[in-house]
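One structure below.
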Amino acid sequence: MILLTYFDKLPCKELKLTRNNVFERDKNHCQYCGKSFPREELNLDHVIPRDHGGKTTWENIVCSCIRCNSRKANRLPHEAHMRLIRKPVRPKWRPVISLVLGNRERERWKDFLDLAYWNVELDE
Ligand SMILES: [Zn+2]
58 MILLTYFDKL PCKELKLTRN NVFERDKNHC QYCGKSFPRE ELNLDHVIPR
108 DHGGKTTWEN IVCSCIRCNS RKANRLPHEA HMRLIRKPVR PKWRPVISLV
158 LGNRERERWK DFLDLAYWNV ELDE
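Numbered per the working numbering, the sequence shown finishes at 181, counting up by one with no gaps.
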């Protein structure tokens, strides 16, 4: 069982830039076409591609559907004639994730890997 709670009044350390947190910030909406998708059908997109010097930061990473992602490819949004529906910003909330695992669940390796996939901090 995963309990996910948001506190917005806590003085905080920086919110980690993870796939999960980006999707949470963007509410599973592609930031180019504005439609919502299941997380499995979304990618993370570097607004300014890494080859153009774009950084892996809250301000440069958005949620994007696979279609928009492949359409944009390695270009700047305006080069692909695409616009973000809103400017990406660092979220104000801070998630507190408590993970409660029983003995049986502990053996469910796949769940663990899924969790790691969604919550790992993204590399530069
Ligand atoms: Zn899209």
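Note that CB positions come from ideal geometry on N, CA and C, so glycine has one too.
- Ligand 1 never approaches residue 84 closely enough for any of its heavy atoms to be under 8 Å from the residue's Cβ.
- Bounds of the beta strand (DSSP E) holding residue 118 are 118-122.
- Counting of Cβ neighbours within 10 angstroms places residue 133 among the exposed residues, the total staying below 16.
- By a beta-carbon distance limit of 8 Å, residue 75 does not contact residue 172. Their separation comes to about 11 Å.
- Rounded to whole angstroms, the gap between the alpha carbons of residue 122 and residue 96 is 9 Å.
- Within the chosen limit of 8 Å, ligand 1 reaches the beta carbon of residue 89 through at least one heavy atom.
- Looking only at 107, 177, 118 and 136, the smallest Cα-Cα distance to residue 144 is reached by 118.
- The straight-line gap separating the alpha-carbon atoms of residue 174 and residue 138 is approximately 31 Å.
- Its chain contains 93, 94, 95, 96, 99 and 120 as the residues whose beta carbon lies nearer than 8 Å to that of residue 85, once the 5 sequence neighbours on both sides are disregarded; these appear in chain order.
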